[in-house]
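Since the structure comes first, as structure tokens, the remarks are kept for the end.
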Amino acid sequence: MNKDVSTAAAPAKHPLNLMRLLLVAALLPAAIATVDYLLLGATSYGGQFTPRVIGQFAWYVVQVGLVGLAAGLGISHPVLRWLVFGWVLLLINLLAAVQAMNADVSWSREPSMSPAALIAGQMGLCVVWAFFGDTRWTWRWPAMIVAAGGLYFLWLSFGNHWGQQMWTELLILQVMTLSTLCLILRLSGFRLLVLDDEATALESGKSNLRPLQFGIKHVLIWTTALAILLGIAKGMDLLRWQVAQELVRGGLVWKLTVATASAMVIIVALWAALGRGHWLMRYSAVLVFTLSLGSALATWSGSQAAAIRTTAWTRWSAGGWDLLRWYEVGWSWLGWLFLSGGLLAATLIILRVLGYRLVRIRRIAPVAAAGSSHSSPT
């Protein structure tokens, strides 16, 4: 009897604050739409980094981070939180798509870059949660597949003109790269956990498991390994093998190079969003690393495009034309890496606000777990 009374008198587990819900679900989207209209308008990128373009790119990242921060802190009910988060992201996607369509340059690639990066960041959230989430996989995987598929079809609904096709191919490559990295990290023992210092200490004392957060050491290991792969891809053009030459002319090596560079940015973005360290250090590292790698990628791309234009066009097949299309992106690769890495980190902010961290579960030997007072006689 007393148990029933205490249960009935207990407060709701997820109390609903209507004022906060109104702020996050209505007023915040209205403010974002207003700023988008004033800042973005119908201007196109055009491959030039003017102050206005830099402000546009920065605002794309900031607005997604603000949505995750507001939804994570302002809405305690889990279902409403994710519904509102998804609704505001959908609005941002549609605003970016309208801005790209208003540019009305069907032959240009740049207007479609921002909506492609937005979709890439949100599909990245689906991939990260599918591999590392703490809900049952029987529900998590189908839900994330449906969500990622819905985002992809939303991207296709924006149109299928010539300037969009390359970003579609790159979007698929980036999702595949991120999935491969997440699979390797998952097999290495990494997962998303809500870390509470006291609870973690108690759990570590009672079991033979020890959580180890994803830190700068892991970032250095992974980016170094990917840099080696990038060097191998570059070296394939110097080996003079016939097969390698055909791959280069068909654009496969360059596309894999771009995908590898995106993977390096993704690793740093994962650490920035869900790893260990001061927030200023983490996000500054993402910015510096992305700008450095993007500048190198853009410089090489521009030089190769110029070299191709000076050769006889009769030497180039249909695959060569496709390769030239990727090389001609030039300095837009810097914008792509900044947007894709920054938007992935911004999209994952909601998980960090909710207390999730990317940690590696390491098993401690039973003797060491029982006590470390007895050392080996070496």
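Using numbering that gives the first Met the number 0, the final residue of the sequence shown is 377, and nothing's skipped along the way. We put the CB at the ideal spot given by N, CA and C, even for glycine.
- Message: Measuring alpha carbon to alpha carbon, tell me which residue in Val352, Gly293 and Ala344 is nearest Val60.
- Response: Ala344
- Task: Classify Thr176 as helix, strand or coil using the three-state DSSP reduction.
- Result: helix
- Task: Name the residue from Thr179, Tyr355 and Tyr36 whose alpha carbon lies nearest to the alpha carbon of Trp270.
- Result: Tyr355
- Task: Helix, strand or coil for Leu208, going by three-state DSSP, please let me know.
- Result: Only weak support is given to the placement of Leu208: the predicted model assigns it a pLDDT of 46, under 50, and the value that follows is read from those uncertain coordinates. In the structure shown, Leu208 sits in a strand (DSSP, three-state: E or B).
- Query: What number of angstroms, rounded off, separates the C-alpha of Gly120 from the C-alpha of Arg275?
  - Reply: 21 Å
- Under 6 Å Cβ to Cβ from Phe130, same chain only, skipping five residues before and after it: list those, please. Cys181 and Arg185
- Query: Quick one: what's got a C-beta closer than 6 Å to Ala95's C-beta in the same chain, skipping five residues either side?
  - Reply: Ser113, Pro114 and Leu117
- Message: Please state whether the Cβ-Cβ distance between Ile91 and Val23 is less than 8 Å.
- Response: no
- Assuming Val352 contacts Gly132 under a Cβ cut-off of 8 Å, what Cβ separation, rounded to an integer in Å, is found between them? At roughly 16 Å, the Cβ-Cβ gap does not stay under 8 Å, so Val352 and Gly132 are not in contact.
- Message: Quick check: the Cα distance between Ile183 and Arg190, rounded to an integer number of angstroms?
- Response: 11 Å
- Item | Same chain, Cβ closer than 7 Å to Leu292, neighbours up to 5 away in sequence not counted | Ala260, Met263, Val264 and Leu336
- Task: Please classify Leu26: is it buried, with 16 or more other beta-carbons within 10 angstroms of its beta-carbon, or exposed?
- Result: exposed
- Does the beta-carbon distance from Gly334 to Phe56 come in below 8 Å? yes
- Task: Look up Ile360 in the DSSP assignment and say whether it is helix, strand or coil.
- Result: strand
- Item | Inter-residue CB distance, Gly329 and Ala306 (contact presumed, cutoff 8 Å) | Not a contact, Cβ separation roughly 13 Å.
- Pull up the DSSP beta-bridge partners for Phe189, would you. Arg359
- Query: Would a C-beta distance cut-off of 8 Å place Leu172 and Ala268 closer than the cut-off?
  - Reply: no
- Query: Are Leu279 and Leu357 closer than 8 Å when you measure CB to CB?
  - Reply: no
- Query: Which value, in whole angstroms, describes the spacing of the CA atoms of Asn101 and Ala142?
  - Reply: 33 Å
- Taking the C-alpha atoms as reference points, what is the distance between Leu350 and Arg139? 15 Å
- Message: Which same chain residues end up closer than 8 Å to Phe157 when comparing Cβ atoms and leaving out the 5 residues on each side of it in sequence?
- Response: Ala96, Ala99, Met100, Ser111, Pro114 and Gln163
- Item | With 16 other Cβ atoms within 10 Å as the buried cut-off, status of Gly341 | buried
- For Ala70, count neighbouring C-beta atoms within 10 Å of its own C-beta (all shown protein chains included) and say buried if the count is 16 or more, exposed if not. buried
- Message: Let's see if you can read the secondary structure: which residues bound the alpha helix (DSSP H) around Tyr59?
- Response: Pro50 to Gly73
- Whose CA, out of Glu327, Val63, Ser283 and Val34, lies closest to the CA of Leu296? Glu327
- Thr179 versus Gly148, Trp166 and Gly123, residue with shortest Cα-Cα distance: Gly123
- Message: Quick check: the Cα distance between Leu177 and Ile266, rounded to an integer number of angstroms?
- Response: 9 Å
- Item | Three-state secondary structure (DSSP) of Val287 | helix
- Contacts around Leu290, its chain only, beta-carbon distance under 8 Å, and the 5 residues preceding and following it disregarded: Leu333 and Phe337
- With distances taken Cα to Cα, identify the nearest neighbour of Leu286 among Leu17, Ala30, Thr33 and Ile53. Ile53
- Would you grab the beta carbon distance between Trp325 and Met165 for me? Rounded to a whole angstrom, and I think it's under 8 Å. 7 Å
- Looking only at C-alpha atoms, which of Arg308, Phe152, Arg19 and Ile144 sits nearest to Leu93? Phe152
- Message: Using a Cβ-based criterion (distance less than 7 Å to any ligand heavy atom), does Trp138 qualify as near the ligand SAM?
- Response: Of ligands this structure carries none, so the ligand SAM is not represented either.
- Item | Euclidean distance between Cα positions of Gly301 and Leu323 | 10 Å
- Item | Span of the alpha helix (DSSP H), counted from its first residue to its last, around Gly120 | Met112 to Phe131
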